C-alpha cells in the first residue's frame, strides 16, 4: 500500500518503512509526526484530499542537505559571484500509511 502526501510544497509517494528526505518540519528526533494532507491512498485518489486519511512517520534526523553552488557571471565585465546554499531537511521514516 502506498500514499501520496503533500508537505513543504512538494508531493511524495511513500509506503510503510520508507525513509524520506523532506523539507524541514517542526519535530524533535524520535517524535512522531502526522501528515493529514493525503492526495492519494492506494487506488483512491482524493479531490483534492482523501477524506479521513493520514500518514504517520517517525522523525529520524534534522539535518542540512548537500551544498548547492550558485555562480553568476557577466562576460567581459569582470563580474563573478560564487555563493552556496544548504537547505535544512528532515529525515522521516514512514510507520503507517492511510490510517483513519
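Numbering (my numbering), first residue to last: 14 to 113. Every residue gets a Cβ at the ideal spot worked out from N, C-alpha and C, and that includes glycine. Keep in mind the model is a prediction, meaning the values are calculated, not measured.
Exercise. Pull up the distance between the alpha-carbon of residue 33 and that of residue 79, whole angstroms please.
Key: If you draw a straight line from the Cα of residue 33 to the Cα of residue 79, it is about 15 Å long.
Quiz prompt | residue 75 in three-state terms, based on DSSP | solution = Note: residue 75 maps to strand in three-state DSSP.
Quiz item: DSSP on residue 20, reduced to helix/strand/coil?
Solution: Looking at residue 20 - three-state DSSP - the assignment turns out to be strand.
Quiz item: Quick one: Cα of residue 60 to Cα of residue 28, how far?
Solution: Inter-residue distance for residue 60 and residue 28 is about 21 Å (C-alpha atoms, whole angstroms).
Self-check item: Range of the contiguous beta strand (DSSP E) that encloses residue 94
Solution: 92-98 is the span of the beta strand (DSSP E), which, as asked, contains residue 94.
Exercise. For the beta strand (DSSP E) containing residue 37, list its first residue and its last residue.
Key: Judged by DSSP secondary structure, residue 37 falls outside any beta strand (DSSP E); it is assigned neither H nor E.
Quiz item: Which of the three DSSP states, helix, strand or coil, is assigned to residue 28?
Solution: The answer is strand: DSSP assigns residue 28 an E or B state.
Exercise. Measuring alpha carbon to alpha carbon, tell me which of 85, 16, 112 and 103 ends up nearest residue 44.
Key: Looking at the Cα atoms, 103 is the closest of the given residues.
Quiz item: Can at least three beta-carbon pairs, one atom from the stretch 15-24 and one from the stretch 92-100, be found at a separation below 8 Å?
Solution: Here the stretch 15-24 makes no contact with the stretch 92-100; the two share fewer than three CB pairs at distances below 8 Å.
Quiz item: What does a CB cutoff of less than 6 Å around residue 85 pick up in its chain, not counting 5 residues either side in sequence?
Solution: Here residue 85 has 94 as same chain residues with Cβ atoms under 6 Å from its own Cβ, once five neighbours each way along the sequence are excluded.
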